[in-house]
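Residue numbers are given in this note's numbering: position 9 of the sequence shown equals residue 14, and the series is strictly consecutive.
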Amino acid sequence: MPTPALMLQGTGSDVGKSLLVTGLARAFTRRGLRVRPFKPQNMSNNAAVTQDGGEIGRAQALQARACGAELTVHMNPILLKPESQGGAQVVVQGQRIASMEARAYFKRRQEFLPAVLESYGRLAGEADLVLVEGAGSPAEVNLRDGDIANMGFARAAGVPVVLVGDIHRGGVIASLVGSFVVIDGADADQIRAIMVNKFHGDISLFDEGVRYLEAATGRPCAGVVPHFAAAGRLPAEDSLALEQMKPDRRGRLRVAVPRLPRISNFDDLDPLKLEPDVEVLFVQPGQPIPADCQLILLPGSKSTAGDLSQLREEGWDIDILAHARRGGHVLGLCGGFQMLGRSLSDPEGLEGPAGSHAGLALLDVDTVLTPEKRLETVTGRQLASGQFFTGYEMHKGRTAGPDLARPFAEVEGRPEGACSPDGRIAGSYLHGIFAADDFRRAYLTGLGEEIAAGPSYEATVEATLDALAEHLERHLDLDLLWRIAQGEGATAEPRTQSQSL
6 MPTPALMLQG TGSDVGKSLL VTGLARAFTR RGLRVRPFKP QNMSNNAAVT QDGGEIGRAQ
66 ALQARACGAE LTVHMNPILL KPESQGGAQV VVQGQRIASM EARAYFKRRQ EFLPAVLESY
126 GRLAGEADLV LVEGAGSPAE VNLRDGDIAN MGFARAAGVP VVLVGDIHRG GVIASLVGSF
186 VVIDGADADQ IRAIMVNKFH GDISLFDEGV RYLEAATGRP CAGVVPHFAA AGRLPAEDSL
246 ALEQMKPDRR GRLRVAVPRL PRISNFDDLD PLKLEPDVEV LFVQPGQPIP ADCQLILLPG
306 SKSTAGDLSQ LREEGWDIDI LAHARRGGHV LGLCGGFQML GRSLSDPEGL EGPAGSHAGL
366 ALLDVDTVLT PEKRLETVTG RQLASGQFFT GYEMHKGRTA GPDLARPFAE VEGRPEGACS
426 PDGRIAGSYL HGIFAADDFR RAYLTGLGEE IAAGPSYEAT VEATLDALAE HLERHLDLDL
486 LWRIAQGEGA TAEPRTQSQS L
């Protein structure tokens with residue numbers, strides 16, 4: 006008997022599939038099941054290092070955390086990491102195999118289906134339930150030929166689908182019903198239920214909408230899920246969320262983060278946003294970096310040279326240098342660290358045309374990009390504070406220069422990163438270090454402002470995952486979803502969403 010499985014696909018992007026899979030992973034785990042998350046194909050520069058030495062999308066890492074599973078490359082066998090306007094790095098089962106333009110990838114993507122199915126089979130072999138997340142929408146019929154992310158995978162693996170619509174953006178009835186109209190009949194047969202997400206207000210007002218949807222689609226509605234306000238305490242899946250992100254308070258300590266076009270691993274900043282006295286301000290293109298911030302943090306980048314060029318086009322280099330002259334602090338993480346040096350060389354053209362680029366010269370170091378990529382989970386301590394942390398490295402390139410003699414941290418017995426002579430400029434290749442509460446607060450205090458102790462970051466994430474699971478347990482018919490996952494037929498039996506589920 007095949008392992009029970011359920012795939013959530015959406016009527017469009019950003020309907021909340023990732024969050025729903027995360028909450029369902031925790032909810033079914035709380036029922037005693039061994040749950041594993043799976044996304045056949047993901048496009049994101051927000052990645053995590055796995056225990057088996059590769060990388061996957063950060064969303065799947067959070068989903069794995071929700072079900073208490075170790076990270077494996079098989080949870081996200083195809084990861085596309087955008088490097089340019091029309092191209093991306095293609096990561097297969099955790100390892101980079103090539104950089105491709107979008108058209109070339111779409112012509113070849115069917116070649117990757119065997120790897121996708123192999124990874125799915127490995128997860129299914131160790132699980133009681135596999136929760137699968139689609140990408141984009143199956144209604145994008147122009148992308149159907151060769152698809153491995155939505156119905157192409159669902160039909161190849163025999164996984165039943167629940168179609169999710171976002172009521173907050175409007176037109177949810179048309180988008181759900183219309184999806185059945187435009188997709189292939191065999192694809193439509195793969196859909197066993199529908200779901201409405203991000204509702205605001207009195208759910209009973211949508212009872213008539215549910216009855217219409219069930220009659221029009223011939224599928225039961227598994228529930229109407231109200232907006233989950235606490236989702237902001239969990240890592241965002243992709244950088245689109247940063248474009249609308251506004252500080253919710255004016256903190257005593259301001260951290261300014263230039264919103265680089267190819268920003269990566271920006272969940273490094275999530276623990277800072279939870280601190281009550283800290284304001285994390287994402288500086289959008291066209292805006293200056295505020296002169297009154299205490300820290301400018303340059304985040305990771307999937308295309309360091311390209312983002313360095315964009316940083317100069319925005320005039321942010323002038324703001325950063327002026328901030329440093331005023332005695333302000335600057336921290337560069339990974340790609341941001343490379344930008345702080347004197348030069349960035351790409352002799353093999355790994356990120357574009359081969360050549361060398363002048364850095365900001367705030368650190369006396371130089372970086373040469375190399376094909377080898379370092380993927381490693383580490384433990385260490387910051388030398389300035391002595392506080393310990395865990396984190397991970399995910400970068401290519403070698404950095405050398407005098408300022409490495411003043412390392413930022415010690416990692417498993419070796420020096421890591423660099424600091425300027427006065428300690429106000431620092432760079433590190435480490436991601437995820439701010440999740441360590443004691444280190445985070447010691448670092449922030451070292452910026453010259455006393456701050457009140459905020460909540461534990463890890464405890465906050467765990468509490469939020471539990472709250473999300475409880476939220477879905479109240480508003481979704483989990484018994485129906487479990488029956489569908491087991492391969493049992495589901496028929497539309499109209500019921501009011503205001504009834505207790």
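Yeah, the Cβ is synthetic: ideal placement off N, Cα and C, and Gly gets one too.
Here the structure is a predicted model, which means the values were calculated and not measured.
Given residue i as reference, the closest of the options once Cα atoms are compared
i       : options                            : result
Glu-475 : Ala-32, Leu-11, Asp-427, Arg-63    : Ala-32
Gln-98  : Gly-451, Glu-106, Leu-84           : Leu-84
His-205 : Gly-190, Leu-181, Leu-218, Gly-175 : Gly-175
Ala-366 : Gly-190, Gln-289, Phe-342          : Phe-342
Asp-471 : Pro-412, Arg-238, Leu-286          : Arg-238
Thr-309 : Ala-140, Gln-292, Leu-355          : Leu-355
His-400 : Ile-294, Thr-375, Ile-325          : Thr-375
Pro-412 : Ile-323, Thr-395, Leu-435, Gln-115 : Leu-435
Gln-65  : Glu-116, Leu-218, Ala-234, Ala-241 : Ala-241
Leu-265 : Gly-163, Asp-272, Glu-319, Gln-299 : Glu-319
Phe-271 : Leu-279, Gln-292, Leu-303, Gln-299 : Leu-303
Leu-2   : Met-105, Ile-301, Gln-315, Ala-236 : As shown, the chain starts at 6 and ends at 506. That puts residue 2 outside it, with no answer to give.
Ser-350 : Gly-357, His-362, Pro-358, Gly-340 : His-362
Ala-161 : Ala-179, Gly-170, His-173, Tyr-125 : Tyr-125
Gly-406 : Asp-371, Arg-113, Pro-420, Thr-384 : Asp-371
Lys-278 : Pro-290, Val-466, Arg-35           : Val-466
Ala-193 : Thr-16, Arg-419, Arg-403           : Thr-16
Gly-37  : Ile-430, Gly-73, Gln-115           : Gly-73
Gly-360 : Glu-493, Ala-329, Asp-189, Gly-311 : Gly-311
Ala-221 : Gly-183, Phe-111, Leu-210          : Gly-183
Close-in-space but distant-in-sequence residues of the same chain around residue i (CB under 8 Å, 5 per side omitted)
i       : result
Leu-486 : Leu-11, Leu-29, Val-167, Ala-198, Ala-227
Asn-51  : Gly-62, Arg-63, Ala-64, Pro-240, Ala-241, Glu-242, Asp-243, Ser-244, Ser-269, Asn-270, Phe-271, Asp-272
Where residue i sits in the DSSP three-state scheme
i       : result
Leu-38  : coil
Leu-435 : strand
Asn-270 : coil
Ala-132 : coil
His-334 : strand
Thr-55  : coil
Arg-264 : coil
Asn-50  : coil
Asn-147 : helix
Val-20  : coil
His-400 : strand
Phe-287 : strand
Leu-355 : coil
Gly-391 : coil
Contact under 7 Å by Cβ, residue i with residue j
i       : j       : result
Pro-82  : Ala-120 : yes
Pro-45  : Gln-68  : no
Leu-181 : Leu-218 : yes
Val-177 : Val-215 : no
Val-95  : Ala-103 : yes
Val-260 : Val-285 : yes
Gly-459 : Pro-225 : no
Asp-443 : Gln-392 : yes
Glu-510 : Arg-386 : Residue 510 falls outside the range modelled here, since the chain spans only 6 to 506, and no answer is possible.
His-507 : Leu-128 : This structure gives no information on residue 507, because the portion of the chain shown stretches from 6 to 506.
Gly-357 : Gly-305 : no
Contact belief for residue i with residue j at Cβ below 8 Å, rounded distance in angstroms
i       : j       : result
Leu-25  : Ala-490 : Not confirmed; about 14 Å, so no contact.
Glu-138 : Ser-18  : In fact, because the Cβ distance is near 12 Å, the residues do not count as touching under 8 Å.
Leu-316 : Pro-263 : 6 Å
Leu-483 : Thr-27  : That belief does not hold up - the Cβ atoms of Leu-483 and Thr-27 are roughly 15 Å apart, past 8 Å.
Ala-71  : Gly-92  : Actually they are not in contact, since the Cβ atoms of Ala-71 and Gly-92 sit about 32 Å apart, beyond 8 Å.
Val-20  : Gly-170 : 6 Å
Pro-352 : Val-373 : 7 Å
Ile-456 : Val-283 : 7 Å
Chain-order list of residues whose beta-carbon lies under 6 Å from that of residue i (same chain, five-residue window excluded)
i       : result
Gly-432 : Gly-337, Phe-342, Leu-345, Leu-368, Gly-422, Ala-423
Val-146 : Val-187
Gly-14  : Reading off the sequence shown, one finds Gln at residue 14, where the question assumed Gly. Within the same chain, Gln-14 has close Cβ partners Gly-139, Pro-143, Asn-155, Val-166, Leu-168.
Lys-378 : Lys-401
Arg-39  : Ala-132, Asp-133
Gln-56  : Glu-75, Leu-76
Cys-298 : Arg-259, Ala-261
Thr-382 : Val-54, Tyr-397
Leu-481 : Ala-227, Gly-228
Thr-496 : Per-residue confidence for Thr-496 stands at a pLDDT of 47, beneath the threshold of 50, marking its modelled position as unreliable; no derived number is given.
Pro-9   : Leu-134, Ala-490, Gln-491
Leu-274 : Val-285
Asn-47  : Gly-62, Asn-81, Leu-84
Gly-1   : Residue 1 lies beyond the stretch modelled for the chain, which goes from 6 to 506, so this question has no answer here.
Interface flag, residue i vs chain B, CB-CB below 7 Å
i       : result
Ala-235 : Among the chains in the structure shown there is no chain B, since it carries only a single protein chain.
Spatial neighbours of residue i in its chain, beta-carbon cut-off 7 Å, leaving aside the 5 residues before and after
i       : result
Ala-389 : Gly-428, Gly-451
Pro-276 : Phe-439, Ala-440, Arg-445, Tyr-462
Heavy atom of the ligand MN within 6 Å of residue i beta-carbon
i       : result
Gly-422 : Absence of the ligand MN from the depicted structure is noted, as is the absence of any ligand whatsoever, leaving it without description.
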